[in-house]
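Position in the sequence shown (first residue = 1) + 32 = the working numbering.
Here a beta-carbon is modelled for each residue, glycine too, at the ideal position from N, C-alpha and C.
Computed from a predicted structure; not experimentally measured.
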Amino acid sequence: PIEELFEQTVTSVLRQATRDATILGHLSCRVENTAVALDHPAGFYHPQAAADCAVSASQRRANDTSFCTAHAPYTSTERLAIELETFISGDAFARSCPLVGTDVKVMIARAGREVDVTVCLPFRPERTGSLAEYRDALAHAEQVVREFAEPRIDGGRLSLSVNTKDQAGGVYLAPFGTSLGKGDCGLVGRGNKADGVIPAVRCTSMEALAGKNPLHHTGKLYTLAAMRIADRLHTQLSLSNETVLLSRNGCLLRTPAFVGVRLAAWACSADAPRPGSHA
Numbered sequence: 033p034i035e036e037l038f039e040q041t042v043t044s045v046l047r048q049a050t051r052d053a054t055i056l057g058h059l060s061c062r063v064e065n066t067a068v069a070l071d072h073p074a075g076f077y078h079p080q081a082a083a084d085c086a087v088s089a090s091q092r093r094a095n096d097t098s099f100c101t102a103h104a105p106y107t108s109t110e111r112l113a114i115e116l117e118t119f120i121s122g123d124a125f126a127r128s129c130p131l132v133g134t135d136v137k138v139m140i141a142r143a144g145r146e147v148d149v150t151v152c153l154p155f156r157p158e159r160t161g162s163l164a165e166y167r168d169a170l171a172h173a174e175q176v177v178r179e180f181a182e183p184r185i186d187g188g189r190l191s192l193s194v195n196t197k198d199q200a201g202g203v204y205l206a207p208f209g210t211s212l213g214k215g216d217c218g219l220v221g222r223g224n225k226a227d228g229v230i231p232a233v234r235c236t237s238m239e240a241l242a243g244k245n246p247l248h249h250t251g252k253l254y255t256l257a258a259m260r261i262a263d264r265l266h267t268q269l270s271l272s273n274e275t276v277l278l279s280r281n282g283c284l285l286r287t288p289a290f291v292g293v294r295l296a297a298w299a300c301s302a303d304a305p306r307p308g309s310h311a
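Below, the structure written as structure tokens:
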């Protein structure tokens, strides 16, 4: 059943992510299980039935030593980054700018009222007929982005740059509008953080959620738990905060090694505790 579930999931996600079923003609699925961990019986990693995947409460232990963080609320700049990326990746933008793919990137820097936005829009080569067509579509896409961003910068002055690496001899084209051709899919890094934003001045950790086991992968579970704690502290108590959860490998998930909350009132203090993790 694993091979079947895997292929069904990959097919569904690729079709949805690219909005193009033709990508499935380039798809080849292979399942290779290299798990050798002793966390569970051997059948857990080679299940033949649902019962093989069952894990009791006493077996729900951390699979790693992890450092997970979250914060609330978002700044206006963080909200703009999330909302802008969501809009550009959404259906309305796709209808208005059909040559653009979904693997977009947004970077924002704010200094006072100056809001500098950089956007990377991957164009689909199979839909882009010429350089002139690319430039016309890019100009239109830039205008659409500008009209979305300007009302959301809280009275700031917008500076917008799009596809800044374009040169006379080359422009930003990506197969199916993704980075699939680069071989870097799924790596922990830019763009796959749990909350969708990479803050430059926050307590932060680099844990991706996609593909992680929801039963015992602490990077996934503790990141989501930290997000819920931070959000509740803000929504229920109006406390701006940064929340940290640490796990020890092999320890019960319900007893974190460290739980820390730093409130905004002393977040910039030199004496504020700064828990960290070293690998």
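Residues near residue i by beta carbon distance below 6 Å, same chain, minus five either side
i, result
"residue 87", "247"
"residue 59", "none"
"residue 266", "104, 105"
"residue 138", "113, 116, 117, 151"
"residue 159", "131"
"residue 287", "none"
"residue 78", "none"
"residue 228", "114"
Whole-angstrom C-beta distance between residue j and residue i, which should lie under 8 Å
i, j, result
"residue 274", "residue 101", "6 Å"
"residue 120", "residue 147", "Not a contact, Cβ separation roughly 16 Å."
"residue 145", "residue 188", "5 Å"
"residue 97", "residue 264", "With 8 Å as the limit, residue 97 and residue 264 do not qualify as a contact, their Cβ atoms being about 26 Å apart."
Neighbourhood of residue i by C-beta distance below 7 Å, restricted to the same chain and skipping five residues each side
i, result
"residue 174", "192, 194"
"residue 84", "75, 76"
"residue 126", "51"
"residue 244", "251, 252"
"residue 282", "93, 94"
"residue 33", "none"
Proximity below 7 Å, CB of residue i to CB of residue j
i, j, result
"residue 190", "residue 179", "no"
"residue 205", "residue 155", "yes"
"residue 293", "residue 277", "no"
"residue 93", "residue 253", "no"
"residue 272", "residue 99", "no"
"residue 128", "residue 203", "no"
"residue 61", "residue 45", "no"
"residue 249", "residue 65", "no"
"residue 289", "residue 255", "no"
First and last residue of the uninterrupted alpha helix (DSSP H) at residue i
i, result
"residue 275", "Residue 275 -> not in any alpha helix (DSSP H); beta strand (DSSP E) instead, spanning 273–279."
"residue 284", "Careful: residue 284 lies outside any alpha helix (DSSP H) and carries neither H nor E."
"residue 266", "250–269"
"residue 39", "34–50"
Own chain residues within Cβ distance below 8 Å of residue i, not counting five before or after
i, result
"residue 50", "133, 134, 208, 209, 210"
"residue 258", "100, 101, 102, 275, 276, 277"
"residue 38", "61, 63"
"residue 136", "117, 120, 121, 151, 152, 153, 154"
"residue 296", "271, 272, 273"
"residue 157", "205, 206, 207"
Endpoints, beta strand (DSSP E) assigned at residue i
i, result
"residue 295", "290–295"
Any non-hydrogen atom of the ligand MG within 6 Å of residue i CB
i, result
"residue 264", "Annotation note on the ligand MG: not contained in the displayed structure, which lists no ligands."
Could you name each continuous alpha helix (DSSP H) segment of 4 residues or more that falls completely within the region 161–210, going from the start of the chain to the end?
163–181
Could you name each continuous alpha helix (DSSP H) segment of 4 residues or more that falls completely within the region 74–152, going from the start of the chain to the end?
74–77, 108–120, 123–128
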